[in-house]
Amino acid sequence: MIHYKAIGKIMGALLMLLGLLMLPGVGFSLYYKSNDQIALLSSAFVTLSIGAAFYFSLSKQDQHIRKREGYLIVTLSWILMSLFGMLPYIFSNTIPEVHDAIFETVSGLSTTGASILNDIEAMPAGILFWRSMTQWIGGLGIIVLTVAILPLLGIGGIELFVAESPGPTSDKLHPRIRETAKRLWLVYVGLTLLVCFLYYLGGMTFFDAINHALTTMATGGFSTKNASMAFYDSAFIQYTAIVFMFLAGTNFTIIYFGLRGKFGKVWKSDEFRSYAMAIVFLALLFVWPIYYYSGEGFEVSFRNGLFQIVSLITTTGFVTADYTSYHQGLTLLFFMMLFLGGSAGSTSGGIKFVRHLTFVKNTWLEFKRIVHPRAIVPLKINGDRVTGKIITHIMNFLLIYLMIFVLSSVIMALMGYDILTAFGAVATSLGNVGPAIGQVGPMDNFAFFSPGAKLFLSFLMLLGRLELFTILIVFTPFFWRAN
1 MIHYKAIGKI MGALLMLLGL LMLPGVGFSL YYKSNDQIAL LSSAFVTLSI
51 GAAFYFSLSK QDQHIRKREG YLIVTLSWIL MSLFGMLPYI FSNTIPEVHD
101 AIFETVSGLS TTGASILNDI EAMPAGILFW RSMTQWIGGL GIIVLTVAIL
151 PLLGIGGIEL FVAESPGPTS DKLHPRIRET AKRLWLVYVG LTLLVCFLYY
201 LGGMTFFDAI NHALTTMATG GFSTKNASMA FYDSAFIQYT AIVFMFLAGT
251 NFTIIYFGLR GKFGKVWKSD EFRSYAMAIV FLALLFVWPI YYYSGEGFEV
301 SFRNGLFQIV SLITTTGFVT ADYTSYHQGL TLLFFMMLFL GGSAGSTSGG
351 IKFVRHLTFV KNTWLEFKRI VHPRAIVPLK INGDRVTGKI ITHIMNFLLI
401 YLMIFVLSSV IMALMGYDIL TAFGAVATSL GNVGPAIGQV GPMDNFAFFS
451 PGAKLFLSFL MLLGRLELFT ILIVFTPFFW RAN
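Counted from 1, the sequence shown has number 239 at position 239 by the UniProt record's numbering; the numbering is strictly sequential.
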């Protein structure tokens with residue numbers, strides 16, 4: 001039996017928290033006199049009121065949240081956050097169409113960074129800040145934040161944490177899941193403040209610095225400028241973004257150990273080593289072709305190449321150059337990066353390096369098993385043996401991910417879009433990246449899609465953000481059967 005009252009109470013708490021997070025934008029609205037403070041206050045009031053109605057009208061139930069409740073809470077909460085998160089756009093009339101507002105909100109919360117806005121710089125300050133805030137909320141996840149600060153969830157917090165936190169690993173910094181969530185958020189907040197200071201030091205206004213800091217650490221990619229990071233012709237700002245995008249794409253547990261001086265644990269991570277070395281290898285591979293085809297200086301070519309590699313691999317989506325203008329071979333390689341993703345336990349979307357690493361290692365060992373069929377050849381990650389159950393889970397994930405990509409691309413093509421645009425839109429939505437290829441390249445946006453296509457892509461963004469199984473399992477018949 002599913003505890004619906006407990007689910008409703010927790011979702012009420014999440015909505016109240018979401019409503020409170022709408023309020024900081026009011027300060028920017030008043031300071032810049034952008035006249036959108038009423039829309040933000042009204043949105044916060046509606047969200048807080050409905051959240052409070054859920055929370056206080058339901059009696060306190062057994063707080064032992066099982067796996068089924070955990071998956072259902074996460075799925076329903078992200079849908080509710082998307083619906084209520086669009087209210088500032090609707091009330092301010094900056095995005096009057098519901099399908100557009102849903103797309104922009106889901107893109108923000110899922111940290112995809114795809115946008116339907118044609119003139120970002122014309123948006124009022126308060127709405128721009130809320131737009132960036134949606135990505136920061138979605139970075140580590142509002143449920144992880146709730147587990148960190150609300151005692152409401154009690155021991156059930158572990159089920160929500162596992163259901164929402166990306167990646168196949170279950171690293172914990174502390175035996176109590178609430179303490180783990182707190183420490184992850186402290187690292188997240190600390191790095192956000194640091195990159196904000198560095199952006200400001202590099203020449204950004206405080207408003208631009210705080211907005212870009214929020215979306216950098218969330219690996220979201222929303223910018224306050226139409227040209228994204230290309231607007232800032234500053235090596236300091238762009239190299240700062242590269243460093244912090246790389247950090248945001250790193251497992252936050254690894255960052256925590258690094259901050260504690262436990263560098264042995266950092267380098268022991270097979271995933272971190274693979275992630276770091278892949279970026280170095282790709283940077284060395286791309287720098288000469290980009291230098292040749294762009295016609296720019298070596299340093300600029302190196303910076304643009306490294307920036308786009310880190311941005312795409314970490315699924316941030318910031319751009320400093322049009323990578324589709326170099327050569328079709330380079331465009332294809334950049335497209336393939338949409339399927340990499342950063343580290344498990346980071347704010348990145350995508351498939352994640354640990355899954356690729358497991359697949360490659362298991363495939364290599366399979367050749368050995370064929371030659372020596374009686375040999376016991378275990379697969380190890382970080383020195384620990386990977387069980388058959390985990391290997392099966394990862395292989396199933398990769399197969400389902402590929403099937404969804406192919407099927408969704410066919411659906412987009414049937415809607416009337418060319419094959420490159422269909423591939424690009426689906427890959428970037430499912431991977432939570434932002435820019436892609438075709439008509440959704442780094443210098444384009446998603447405004448031209450039909451309402452149905454936008455809603456379909458929004459679903460793919462949520463599916464990718466919650467890593468397939470959290471949402472798909474809700475659609476299975478055995479999920480709803482009583483125990």
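Beta carbons: idealized from backbone N, C-alpha and C, even for Gly.
Beta-carbon proximity check, Gly220 vs Gly139, cutoff 8 Å: Closer than 8 Å, so yes.
Candidates Asn432, Val433, Gly431 and Phe448: closest to Gln439 by CA position: Phe448
Tell me whether the segment 283-292 and the segment 227-243 touch, counting them as touching only if at least three CB pairs, one residue from each stretch, are closer than 8 Å. no
Is the beta carbon of Thr358 sitting closer than 8 Å to the one on Ile404? no
Pro96, enclosing alpha helix (DSSP H) - first and last residue: Element bounds for Pro96: n/a, residue is neither H nor E.
Using only the alpha-carbon positions, how far apart do Leu340 and Phe469 sit? Rounded to the nearest whole angstrom, the C-alpha separation of Leu340 and Phe469 is 18 Å.
Return the chain-ordered list of same chain residues with a C-beta closer than 8 Å to the C-beta of Thr250, the five sequence neighbours on each side being excluded. Contacts found: Phe272, Tyr275, Gly342, Ser343 and Ser346.
Residue environment, Ala122, which counts as buried when at least 16 other CB atoms sit within 10 Å: exposed
On the DSSP bridge list, what partners appear for Arg385? Lys380
Would you identify the three-state DSSP class for Met204, choosing helix, strand or coil? coil
Below 8 Å, how does it come out for the segment 315-325 and the segment 205-221: are there three or more Cβ pairs, yes or no? yes
When you compare each of Phe252, Tyr232 and His393 to Thr180 by their alpha carbons, which one comes out closest? Phe252
Local conformation of Tyr326 per DSSP, three classes: Tyr326: coil per DSSP, three-state reduction.
Start and end of the alpha helix (DSSP H) containing Thr253? First-last of the alpha helix (DSSP H) with Thr253: Phe252 to Leu259.
So, Ser42 versus Gly126, is the Cβ gap smaller than 8 Å? no
Under 8 Å, with one C-beta from each stretch per pair, do the segment 66-78 and the segment 11-21 reach the 3-pair mark? yes
Classify Glu366: buried if its beta carbon has 16 or more other beta carbons within 10 angstroms, exposed otherwise. Exposed.
Would you tell me roughly how many angstroms separate the C-alpha atoms of Leu80 and Gly297, rounded to the nearest one? 48 Å
Where Asn362 falls: helix, strand or coil (DSSP): Here Asn362 sits in helix by DSSP.
If residue 520 sits next to Gln37, beta carbons under 8 Å apart, how far is it from one beta carbon to the other, in whole angstroms? Examination of residue 520 is not possible in this model, given that the chain is present from 1 through 483 alone.
Here's the rule: buried if 16 or more other CB atoms are within 10 angstroms of the residue's CB, otherwise exposed. What is Arg369? exposed
Pick from Ile255, Met16, Tyr200 and Asp208 that is closest to Arg131, judged by C-alpha positions: Asp208
At the level of alpha carbons, what is the spacing between Val410 and Phe206? 44 Å
Looking at Ile381 and Asp233, is the spacing between their C-beta atoms short of 8 Å? Not closer than 8 Å, so no.
Quick check on Glu467: does DSSP put it in helix, strand or coil? coil
Between the C-alpha atoms of Phe91 and Phe222, what's the straight-line distance to the nearest angstrom? 21 Å
Determine the burial state of Lys352: buried for a count of at least 16 other Cβ atoms within 10 Å of its Cβ, exposed for fewer. Of the residues assessed, Lys352 falls on the buried side of the cut-off, its CB having 16 or more other CB atoms within 10 angstroms.
Lys368 (DSSP reduced to helix, strand or coil): helix
Between the C-alpha atoms of Gly157 and Lys67, what's the straight-line distance to the nearest angstrom? Bear in mind that the predicted position of Gly157 carries a pLDDT of just 49, short of 50, making it unreliable; the figure below should be weighed with that in mind. For Gly157 and Lys67, the distance between alpha carbons rounds to 10 Å.
Would DSSP call Ala163 helix, strand or coil? The predicted model places Ala163 with a pLDDT of 47, which falls under 50 and marks its position as unreliable; any figure quoted below should be read in that light. In the structure shown, Ala163 sits in a helix (DSSP, three-state: H, G or I).
For Ala427, which of Met461, Gly388, Asp322 and Asn396 has the nearest alpha-carbon? For the residues Met461, Gly388, Asp322 and Asn396, the minimum Cα distance to Ala427 belongs to Met461.
Look at the alpha carbon of Tyr31 and the alpha carbon of Pro124, and state the distance between them as a whole number of angstroms. 11 Å
CA nearest to the CA of Ala278, picked from Asn93, Phe246, Lys262 and Phe129: Phe246
Quick one: residues in its chain with C-beta nearer than 8 Å to the C-beta of Ser301, no 5 flanking neighbours on either side, listed in chain order? Val287, Ile290, Tyr291 and Ser294
Under three-state DSSP, which class holds Tyr417? coil
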